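A short write-up of the structure that comes next.
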Amino acid sequence: MPRLTRRQSLAAGASLPLATFAPTLARAEAPMLGAGLAPYRRIALGAFEVTTLLVNTMVVPDPQSIFGMNVSATAFAEASTENFLSPDESRFFFTPTVVNTGSELVLFDTGQSAEGTTAALAAAGYTPEQVDIVVLTHMHGDHIGGMQSGGAPTFANARYVTGRVEYDAWAAAGDEGFDTNVRPFADRMTFLDDGQDAASGITALAAFGHTPGHMTYRLESEGAGLLIFADLANHPVWSLAHPDWEVRFDMDKAAAAASRRAVLGMLAAERLPAIGYHMPFPALGFVDTRGDGFRWVPEAGQLMG
Ligand SMILES: [Zn+2]
């Protein structure tokens with residue numbers, strides 16, 4: 009091939025048919041895909057990898073009947089609109105967390121169904137068989153619904169961990185969801201009290217009230233910490249700015265409010281990152297004080313590692 013001088017080369021380029029790159033008149037119409045979210049978000053926490061899994065999201069009407077049972081409609085509407093929220097409907101998120109400690113893969117809560125949770129796990133790069141420990145923060149249906157798949161354990165190789173007070177309360181109550189989804193695993197389950205470890209670097213901290221023995225879990229790795237606070241607070245505005253507002257799903261409303269104030273106060277004082285099961289996906293953020301309550305500060309890239 010003969011060498012071209014720079015001048016000849018430019019001339020050759022100039023003579024390329026520009027029409028090759030021109031769009032055709034009939035455009036290829038991309039289909040409308042609907043709103044979307046990637047179903048996982050992974051951060052580094054010391055030597056741990058922490059991944060939040062979006063297993064479901066849905067819109068629920070009349071949020072005041074859930075989050076503001078003991079306040080006026082006016083107060084609820086004002087708190088909502090000043091935070092750009094509709095007082096008439098609310099989007100719910102359901103977000104289990106999976107933590108790879110380097111030696112064990114630990115799943116916190118199993119979602120409403122095995123299908124939703126295994127799909128999000130797969131998107132995040134994990135198989136159900138890789139899960140070594142399943143931790144149940146409490147026994148509500150949206151946390152225990154993925155324990156079984158077609159009558160078999162979803163996480164075939166896992167052992168199970170939950171709070172002793174929580175297990176005993178539901179076992180005594182004779183709840184159908186508990187009897188179906190949790191009781192069959194009792195012989196593979198470890199029961200924790202406040203301050204005990206689920207695994208190295210993963211400590212149970214009691215936050216009772218939402219349910220009788222609801223637990224949060226503190227992660228610690230190489231000096232980095234994070235609290236998985238589960239259902240301690242279920243909405244970033246209604247439950248954080250107004251921790252005393254009564255929540256329909258809190259079984260002991262006074263105890264739940266006291267736990268919210270104590271744990272949110274600790275998160276704010278320590279400036280500790282947190283994951284909330286029902287916080288807007290990716291469910292990861294910080295808690296600060298504001299007035300007589302708190303505010304949720306979504307993570308903004310500080311934890312990407
Ligand atoms: Zn929940």
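Under this note's numbering, the first residue of the sequence shown carries the number 9, and numbering increases by one thereafter. Heads up, the beta-carbon is just placed ideally off N, CA and C, and yes, glycines get one too. The structure displayed is predicted, hence computed values, not measured ones.
Compute the minimum distance between the beta carbon of residue i and the heavy atoms of ligand 1, and state whether it is under 8 Å.
i, result
"Y134", "no"
"N242", "yes"
"F257", "yes"
"Y3", "Since the first and last residues shown for the chain are 9 and 313, residue 3 lies out of range."
"Y285", "yes"
"F102", "yes"
"L239", "Note that residue 239 corresponds to Asp in the displayed sequence, not to Leu. True, at least one ligand heavy atom lies under 8 Å from that Cβ."
"D150", "yes"
Relative to the C-alpha of residue i, which candidate in the options has its C-alpha closest?
i, options, result
"S208", "L311, A38 and G110", "G110"
"A166", "H146, Y175 and Q138", "Q138"
"V107", "V305, I283 and G309", "I283"
"L53", "R298, P281 and P290", "P281"
"A264", "P95, I51, A214 and T198", "A214"
"M197", "V143, P47 and L235", "V143"
"I141", "R298, G149, T118 and R279", "T118"
"L45", "P71, T89, P290 and G231", "P290"
"R172", "A232, G233, T145 and R269", "T145"
"M147", "Q310, Q72 and G221", "G221"
"Y225", "V67, V271 and W253", "V271"
"F237", "T60, R35, Y168 and M40", "T60"
"T103", "L275, M66, G233 and G301", "M66"
"T162", "D183, D176 and P192", "P192"
"F84", "L311, G182, W246 and M287", "W246"
"L248", "L234, A232, A266 and I210", "A266"
"F101", "Q156, V68 and V114", "V68"
"E97", "S73, L240 and S80", "S73"
"A212", "T170, S80, A179 and A232", "T170"
Within 10 Å of its beta-carbon, does residue i have 16 or more other beta-carbons around it, so buried, or fewer, so exposed?
i, result
"N189", "buried"
"T135", "exposed"
"F92", "exposed"
"A194", "exposed"
"V295", "buried"
"T105", "buried"
"A38", "exposed"
"N242", "buried"
"G42", "exposed"
"R49", "buried"
"D258", "buried"
"R298", "exposed"
"T89", "exposed"
"R268", "buried"
"D300", "exposed"
Can you give the beta carbon distance from residue i to residue j, rounded, assuming they're within the 8 Å contact cut?
i, j, result
"F56", "S229", "4 Å"
"W304", "P244", "4 Å"
"E307", "L292", "4 Å"
"S121", "G153", "5 Å"
"G124", "N64", "5 Å"
From the DSSP secondary-structure annotation, give me the bridge partner or partners of residue i.
i, result
"N108", "E57 and L113"
"Y134", "BP columns for Y134 are empty, so no partner."
"S229", "A232"
"A238", "G284"
"W304", "V295"
"I210", "A207 and L227"
"L200", "G171"
Report yes if the C-beta of residue i is less than 8 Å from at least one heavy atom of ligand 3; otherwise report no.
i, result
"E278", "The model on display carries ligand 1 but not ligand 3."
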